[in-house]
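Residue numbers (my numbering): 184 to 823. Ideal placement from N, C-alpha and C gives every residue a C-beta, glycine not left out. The structure appears below as structure tokens.
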Amino acid sequence: MRGNLLRLLSAALVGSFCYGLAAVEALTVYRIGGEELPPPEVDGDFEFIQLSWADVDEKQLGRIDLLEVATHSIEPQRLDPTVNLTPLIRERGGGIRSNNSYGWQSEALLDFLMDGDLTTAYLGSGRSQSADCSPCKKGIWFELKGLFPIRRIKISTTERFAHQRFIEVFEIGTNDGDSRKKGTREGQYHWRGAFLDYDVVFSVANNLEPFLDLELPDRPIAEILFKAPVGNWEIAEFEIFGDGFASQASYVSNVIDLGMASSLGELIWSGSRDQGATVNLSMRSGDDTDPNFYWRFTFRGDERSRFATSGEPLTLDRYNRLEAGEKAGISPDNESWEFWTPPLDFDRGHSELVGSRPRRYLQFKADFLSERALAAGRMEYLQFNVSQPPVASQVLAEIVPHQVEVGEVVQFTYKILPNLEQNDLGFDSIEIDTPIEVTSIDAVYIGGEEQDFTIAERDAQSFVVQVPRIDLNRTGELVEVEFQAEVFQVGTVFSGRVFDSQLPHEVRQRITAGNADDLAESNTLSVGLSTVANPAVKALWLSPPLFTPNGDGVNDVLQIEYDLVNLSGAVPVAIDLYDLAGVKRCEVAHSTAASGRFSATWEGVDDAGNLLPPGLYLLRLEVDSDKAKDVEVAVVRLIY
């Protein structure tokens with residue numbers, strides 16, 4: 184009996200030890216780019232994994248388009264104004280084609296346009312075409328494979344026939360590649376089933392010059408069409424020059440394998456952008472190595488299948504091996520992957536990794552857009568952290584009520600449903616984001632029973648409560664946090680996170696909006712407004728009521744507080760002081776603000792810093808909202 188007891192005790196100890204090993208927490212920091220930088224400074228132990236911008240593999244769903252890639256940054260390719268782009272078009276994946284009796288083809292004679300030899304030429308006489316069905320107009324179609332700031336086109340004849348074979352009549356058009364404009368552009372050209380449309384840049388009817396140097400308008404170009412009647416003309420060299428950054432460029436990372444489902448933490452990045460340039464950074468997360476579904480035609484009507492004829496699921500590699508007629512398209516895998524996030528605020532430089540639950544795979548993309556030729560965006564590095572194992576396999580939450588009166592103090596209940604699996608870390612702390620500092624934090628319930636709790640943090644943006652530990656033994660128990668707060672804007676989101684206070688350096692795992700309580704009908708963390716306030720200024724308070732800026736330390740500063748409601752974003756806000764004659768005496772504060780509660784101060788002086796005489800003044804608060812200018816006025820009593 185004693186031996187059996189010892190064996191059972193030993194087995195339990197070994198099992199506990201193994202469980203402890205499996206549950207050892209680990210913070211991992213990943214960085215893409217910034218390879219010359221030292222490892223990040225993070226409190227506590229962590230693993231650092233350095234990735235390179237250049238480590239992009241199409242087999243891992245990575246892609247780089249029109250970017251200059253260095254160890255320290257990526258940015259759109261910049262065109263050298265002295266370099267002829269025509270010989271590079273095909274190298275970049277573009278094409279040069281001319282029309283003949285068969286359609287648009289990449290004829291060998293087109294090489295004469297870009298061989299750098301002024302003794303050879305492409306002829307416009309039709310010799311390169313079949314005898315029948317030849318077009319009456321010769322067209323040369325340049326597809327640049329990207330959107331570029333093309334500035335000049337140079338067309339030369341051979342020196343030998345400079346005065347005999349110049350191009351008397353011709354047209355040059357450009358296209359920005361926007362399919363939404365198809366059929367609406369001024370120039371149109373139909374040939375052998377192909378339809379080209381373009382913006383006419385040059386339409387020349389009586390040219391006598393053998394050497395042309397043409398300056399193009401300042402706009403991005405994806406395609407160029409040269410068109411001239413068939414005749415006795417020639418082109419020895421057709422040169423295209425650009426100056427500036429590619430108007431569109433993009434980076435898509437490989438699918439990054441974190442090794443196991445992980446709590447997703449903070450995402451930070453470093454970069455810059457010129458005026459007129461935009462960088463749209465986004466991410467997605469998933470549970471497998473490929474965010475796409477691949478389809479093939481079965482040739483049974485319109486039927487499509489995600490499986491190969493062997494019965495195996497189609498992968499990118501198997502899809503690429505299908506015959507062209509078998510390929511039925513690629514669609515997003517919305518079962519195992521999230522959608523791409525909307526573009527993150529690039530200028531802010533940080534965000535949270537987005538995932539509805541802990542995920543194993545991540546992917547990032549950055550789209551670079553330039554409205555001006557010499558404007559570009561740059562990314563130096565992208566860095567994020569994850570924790571393994573996750574705090575919980577999933578944490579759903581909803582808030583009730585989900586619709587309130589604007590600016591009213593409301594009792595909210597934040598309902599949390601944790602789902603933990605073996606080796607999940609568990610948590611004892613809940614962080615909830617709020618539009619302003621909460622009025623009170625009243626109670627915590629677990630499984631319907633009220634619990635003791637501690638307010639660990641509390642400020643104007645959020646609060647943290649510590650609660651009895653939620654681990655595998657309490658998975659599925661409803662956790663409720665009751666607090667009072669005000670809401671000023673439609674769609675205010677009370678996002679939240681859970682974490683273990685004993686592991687302060689680990690990731691705070693994001694809470695997912697969803698059905699946490701069948702008895703509640705919210706299923707959201709967003710709170711709407713029952714009535715929309717109009718105007719935007721809900722309230723304006725001044726204190727003290729009698730303002731005495733005499734330097735005695737009592738009532739020397741006027742405190743100004745105001746509530747703004749239902750603004751879609753930051754708008755101009757002006758606080759000015761007027762005398763009773765309507766003369767402005769002081770600009771108290773000029774700034775921008777969104778919905779919320781704000782404050783300012785005034786020390787009784789005019790714009791020159793001189794104390795104003797005692798009397799009554801009018802404080803004017805003006806909000807220039809997207810709908811109208813909203814004004815609130817309050818009386819200031821200034822005495823000594």
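Relative to the Cα of Leu244, the nearest Cα in the group Pro797, Phe730 and Lys548 belongs to Lys548. Exclusion of the five residues before and after Thr211 leaves Glu230 and Val569 as the residues of its chain whose Cβ lies within less than 6 Å of its Cβ. For Ala419 and Tyr434, the gap between their C-alpha atoms comes out near 38 Å. In this chain, Leu244 is not harboured by any alpha helix (DSSP H), its DSSP state being neither H nor E. Residue state for Gly508 is assigned as helix, using DSSP reduced to three classes. Counting of Cβ neighbours within 10 angstroms places Pro393 among the buried residues, the total reaching 16 or more.
At a Cβ-Cβ threshold of 8 Å, Leu379 and Ala580 do not count as neighbours. Contact between Thr254 and Glu219 holds: CB atoms are separated by about 6 Å, below the 8 Å threshold. The three-state secondary structure of Arg214, taken from DSSP, is strand. The alpha-carbon separation between Ala556 and Gly459 amounts to approximately 9 Å.
If you draw a straight line from the Cα of Leu441 to the Cα of Asp530, it comes to about 27 Å. In the three-state reduction of the DSSP assignment, Pro797 falls in the coil class.
When secondary structure is reduced to three states using DSSP, Lys328 falls in the strand class. Counting C-beta pairs closer than 8 Å gives fewer than three between the segment 537 to 544 and the segment 398 to 415, which falls short of the contact rule. Taken atom to atom, the span from the alpha-carbon of Phe331 to that of Val814 is near 47 Å. For the segment 502 to 571, there is no continuous alpha helix (DSSP H) assignment of 4+ residues that stays within its boundaries. Taking the CA atoms as reference points, Phe646 sits about 50 Å from Glu495.
The count of Cβ pairs closer than 8 Å, one atom from the segment 719 to 736 and one from the segment 747 to 764, reaches three, so the stretches are in contact.
If you draw a 10 Å sphere on the C-beta of Thr784, you find fewer than 16 other C-beta atoms in it, and that means exposed.
It is roughly 26 Å from the alpha-carbon of Ala388 to the alpha-carbon of Leu292. Within the DSSP secondary-structure output, Leu262 pairs in a beta bridge with Gly427.
The beta carbon of Ala753 lies closer than 8 Å to those of Thr775, Ala776 and Ala777 in the same chain, with the five residues before and after it left out. In the displayed model, Ser488 falls within a strand according to three-state DSSP. Runs of the beta strand (DSSP E) lying entirely within the segment 675 to 715 and spanning at least 3 residues, in chain order: 679 to 682 and 709 to 712. Following the DSSP letters along the chain, one finds Tyr372 inside the beta strand (DSSP E) bounded by residues Gly370 to Trp374. Proximity to Val225 across Tyr213, Trp236, Leu608 and Ser235 peaks at Tyr213, based on C-alpha coordinates. Put simply, the segment 450 to 468 does not touch the segment 369 to 378. Fewer than three CB pairs are less than 8 Å apart. In the DSSP annotation of this structure, the continuous segment of the beta strand (DSSP E) that includes Trp452 starts and ends at Ile439 to Arg456. Pairwise C-beta distances place the segment 671 to 682 in contact with the segment 607 to 615, as three or more of them are shorter than 8 Å. Distances from the alpha-carbon of Glu326 to those of Thr367, Phe482, Thr269 and Asn463 put Thr269 closest. Secondary structure at Asp396: strand, using DSSP grouped into helix, strand and coil. At a Cβ-Cβ threshold of 8 Å, Val621 and Phe666 count as neighbours.
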